[in-house]
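> Numbering (my numbering), first residue to last: 674 to 801.
Ideal Cβ positions, reconstructed from N, Cα and C, are used throughout, including at glycine.
Note that the structure is a prediction, hence the values are computed from the model and not measured.
1. Quick check on DSSP: helix, strand or coil for residue 729?
2. Should the stretch 742 to 749 be called in touch with the stretch 699 to 716, which here means at least 3 C-beta pairs below 8 Å?
3. Mind checking which residues open and close the beta strand (DSSP E) that includes residue 748?
4. Any contact between the stretch 681 to 695 and the stretch 752 to 771? By contact I mean 3 or more CB pairs, one from each, below 8 Å.
5. Relative to the C-alpha of residue 736, which residue among 690, 755, 744 is closest?
6. Starting from residue 685 and walking both ways along the alpha helix (DSSP H), at which residues does that stretch end?
7. Looking only at its chain, what residues have a beta carbon closer than 6 Å to the beta carbon of residue 708, apart from the 5 residues adjacent to it on each side?
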């Protein structure tokens, strides 16, 4: 199940990045939106079987933020509920982090960006 989640979130991340460069109504977006729709359909099945249906605010509240001795706030990665943890990890590939956890500001930035991406995706869906 973890490999399926990792693969799905990797595909979603690539699709969202590609879609971010297209304006709603662009014919090139149709296939990408279809991929994202398929992913959401798979996710609905998984949420019923494996993961609780956590919205973004529930995920935000679940996460434990700790002060590191360096003075930087870090996220206790294990406290990020799935599928949000995998979404964050996929979006953070290549980002700097401490060995004991990612920076809290990167987690917050991810959540804000996720909401922007979902609004952009909705605009593409509406333009179809």
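Checking against the coordinates, here is how it stands:
1. Residue 729: helix per DSSP, three-state reduction.
2. With a cut-off of 8 Å, the stretch 699 to 716 and the stretch 742 to 749 do not count as touching, because too few Cβ pairs lie within range.
3. Here the beta strand (DSSP E) through residue 748 covers 746 to 748.
4. By the Cβ rule, the stretch 681 to 695 counts as touching the stretch 752 to 771, because three or more pairs are nearer than 8 Å.
5. Per the C-alpha coordinates, the member of 690, 755, 744 positioned closest to residue 736 is 755.
6. Run containing residue 685: 675 to 692, per the alpha helix (DSSP H) assignment.
7. Correct list, in chain order: 688.
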